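Asks: Structure incoming, see below.
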Ligand SMILES: Cc1cc2nc3c(=O)[nH]c(=O)nc-3n(C[C@H](O)[C@H](O)[C@H](O)COP(=O)(O)O)c2cc1C
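Residue numbers (my numbering): -3 to 371.
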């Protein structure tokens, strides 16, 4: 049995295999609401054969969105919209679903990526909003000047994450991932490049960790033990003098001590000066290094595209699981193909069982009987 297709315990959850659908923003929401697109998209990913689907960065408040069309989970209305799409998506697939909770901070108030490259909305655009951050430092030229959060604003952010987490539990998500990566608000507090505060929330590393850890603790306290809680980080800003692997190790150990169920290791996104040595599995060495620091499972991500590459990452102990984003958009049946290439079995809806005439036995029916119920 290839390691990639062995079960993986993630805190209270056990994944059927070690392939994770990485969170991917769709920029397809109106006023934060999930719609038919999400039902179709999540349903496709749910049928992929992956061991876990993590729903896109979901804003914990309207000000926490990246673009005006981002998904949100901040009130009854946005919760009900997700409930509907999720019910459709899960109807015929028995796969654990997670949701990534996020606040964009100074990277908010933007267009969709296919509209002018996702540039910030002009302040006078009715869809824009004032953005906040650790310090009054814009992400880049042409981006809005954020307001540095005051004590009340910081308390609000913690409360918003906890409230969204409670809503996620009510929606039946099996897992919550806190977005501390890619230059969004919690990463803005972690990095010395974006956090130049002189109070208890900035300066030395211990202070810069405070808000992300406060959010983690508030969410952990807000959700039951049966729901897994993990964190996605950027292991490096890829900028001299920025957040780096050594600081990530301190954060990772602090999360481990607080009962974090897994660490999802990504990189970059904080500063446009970043220089990323892109290549196959370019972030895997970060995952491997951090895995040596913690007891919790570690998920690697970033240009993992080939079944043998994925199998090597998990069987050599560089990571416990792999996450794919673009690879699964390009080929939503990637786990089936990986199973065929590695001599394993992938879950498949009964109606699709005849899809693999040249690979008999690769596809197997789902374990839950109701996934095969006509509807
Ligand atoms: C369309 C798209 C949307 C994304 N949205 C998110 C997101 O919501 N949250 C997040 O942490 N990363 C997001 N990412 C980054 C991916 O999760 C992943 O880390 C990155 O694409 C590298 O993995 P890959 O080489 O398998 O695509 C997104 C990537 C893509 C392509």
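All residues carry an ideal CB built from backbone N, CA and C; glycine is no exception. Model, not experiment: these values are computed from the prediction.
Find out if the Cβ-Cβ distance for the pair residue 346, residue 362 is shorter than 9 angstroms.
Replies: For residue 346 and residue 362, yes; Cβs fall inside 9 angstroms.
Asks: Out of 213, 319, 188, which has the shortest C-alpha to C-alpha gap to residue 14?
Replies: Of 213, 319, 188, the residue nearest in Cα terms is 319.
Asks: How close, in whole Å, do the beta carbons of residue 172 and residue 94 come, if the pair is a contact with beta carbons under 8 angstroms?
Replies: The Cβ separation is near 7 angstroms, so the contact holds.
Asks: Closer than 8 angstroms to a non-hydrogen atom of ligand 1 - does that hold for the CB of residue 19?
Replies: Yes, since a heavy atom of ligand 1 falls inside the 8 angstroms radius drawn around the Cβ of residue 19.
Asks: Answer yes or no: do residue 9 and residue 257 have a C-beta to C-beta separation smaller than 9 angstroms?
Replies: Cβ distance < 9 angstroms, so residue 9 and residue 257 count as in contact.
Asks: For residue 90, does the three-state DSSP call read helix, strand or coil?
Replies: Coil at residue 90, not helix or strand.
Asks: For residue 139, which of helix, strand or coil comes out of DSSP?
Replies: Correct three-state label for residue 139: coil.
Asks: Report yes if the C-beta distance between residue 342 and residue 359 is below 9 angstroms; otherwise report no.
Replies: Yes. Within cutoff.
Asks: Rounding to the nearest angstrom, what Cα-Cα distance links residue 184 and residue 101 in this structure?
Replies: Approximately 8 angstroms, taken between the alpha carbons.
Asks: Suppose contacts are defined by Cβ-Cβ distances below 9 angstroms. Is residue 174 in contact with residue 114 by that definition?
Replies: Their beta carbons are not under 9 angstroms apart, which means residue 174 does not touch residue 114 by this criterion.
Asks: Using DSSP with H/G/I as helix, E/B as strand and the rest coil, what is residue 300?
Replies: Coil, per DSSP.
Asks: Count Cβ pairs between the stretch 44 to 64 and the stretch 142 to 151 that sit closer than 8 angstroms; are there 3 or more?
Replies: No, the stretch 44 to 64 is not in contact with the stretch 142 to 151.
Asks: Is residue 297 close to ligand 1? I mean its beta-carbon at under 8 angstroms from any heavy atom of the ligand.
Replies: Yes, the Cβ of residue 297 comes within 8 angstroms of a heavy atom of ligand 1.
Asks: Taking three-plus beta-carbon pairs below 8 angstroms as touching, is the stretch 158 to 172 in contact with the stretch 126 to 133?
Replies: They do not touch, by the three-pair rule.
Asks: Could you check which residue in 90, 213, 340, 263 has the C-alpha nearest to that of residue 235?
Replies: With distances taken between Cα atoms, residue 235 lies closest to 263.
Asks: Would you say the beta carbon of residue 262 is closer than 8 angstroms to some non-hydrogen atom of ligand 1?
Replies: Yes, the Cβ of residue 262 comes within 8 angstroms of a heavy atom of ligand 1.
Asks: Assuming residue 265 contacts residue 299 (C-beta within less than 8 angstroms), just tell me the rounded distance between them.
Replies: With a Cβ gap of about 15 angstroms, residue 265 and residue 299 do not count as contacting.
Asks: Within 10 angstroms of its Cβ, does residue 230 collect 16 or more other Cβ (buried), or is it exposed?
Replies: Buried, by the Cβ-count rule.
Asks: Quick check on this structure: which residue in 66, 161, 59 has the alpha carbon closest to the alpha carbon of residue 142?
Replies: For the residues 66, 161, 59, the minimum Cα distance to residue 142 belongs to 59.
Asks: Given the structure, does residue 320 come close to ligand 1, in the sense that its CB is under 8 angstroms from one of the ligand's heavy atoms?
Replies: Residue 320: yes, Cβ under 8 angstroms from ligand 1.
Asks: Relative to the C-alpha of residue 82, which candidate in 197, 33, 215, 284 has its C-alpha closest?
Replies: It is 33 whose Cα lies nearest to the Cα of residue 82.
Asks: Is it the case that the stretch 278 to 297 contacts the stretch 22 to 33, given that we only count it when at least three CB pairs across the two stretches are under 8 angstroms?
Replies: Touching, no.
Asks: Measuring alpha carbon to alpha carbon, tell me which of 205, 189, 344, 333 ends up nearest residue 268.
Replies: Minimum Cα distance to residue 268 is reached at 189.
Asks: Measuring from the CB of residue 325, is there a heavy atom of ligand 1 at a distance below 8 angstroms?
Replies: Checking every heavy atom of ligand 1 against the Cβ of residue 325, one is found closer than 8 angstroms.
Asks: Is residue 52 a contact residue of ligand 1, with contact defined as CB to any heavy atom under 8 angstroms?
Replies: Yes, ligand 1 has a heavy atom inside 8 angstroms of this Cβ.
Asks: For residue 109, tell me which candidate among 200, 329, 21 has the shortest Cα-Cα distance.
Replies: Per the Cα distances, 21.
Asks: At which residue ranges does the stretch 278 to 335 contain complete beta strand (DSSP E) runs of 3 or more residues, listed in the order of the chain?
Replies: Runs of the beta strand (DSSP E) inside the stretch 278 to 335: 294 to 297, 317 to 320.
Asks: Leaving out five residues on either side along the sequence, give the residues of the same chain with a beta carbon under 7 angstroms from the beta carbon of residue -3.
Replies: The answer, listed in chain order, is 340.
Asks: Which residues in the same chain have their Cβ closer than 6 angstroms to the Cβ of residue 41, if we skip the five residues on either side of it in sequence?
Replies: If we look at residue 41 and ignore the five residues flanking it on each side, its Cβ neighbours are 17, 49.
Asks: Can you name, in chain order, every residue of its own chain whose Cβ lies under 8 angstroms from the Cβ of residue 222, other than the five neighbours on each side?
Replies: Within the same chain, residue 222 has close Cβ partners 8.
Asks: Over what stretch of residues does the beta strand (DSSP E) that includes residue 226 continue unbroken?
Replies: Counting along the chain, the beta strand (DSSP E) containing residue 226 begins and ends at 224 to 230.
Asks: Suppose you measure from the CA of residue 208 to the CA of residue 201; what does that come to, to the nearest Å?
Replies: Taking the straight line joining both Cα atoms gives about 12 angstroms.
Asks: Can you name the start and end residues of the beta strand (DSSP E) that residue 173 belongs to?
Replies: Here the beta strand (DSSP E) through residue 173 covers 171 to 176.
Asks: Have a look at the DSSP bridge pairing and note the partners of residue 23.
Replies: Bridge partners of residue 23: none, in fact.
Asks: Out of curiosity, what's the CA-to-CA distance linking residue 316 and residue 206?
Replies: Approximately 27 angstroms between the Cα atoms of the pair.
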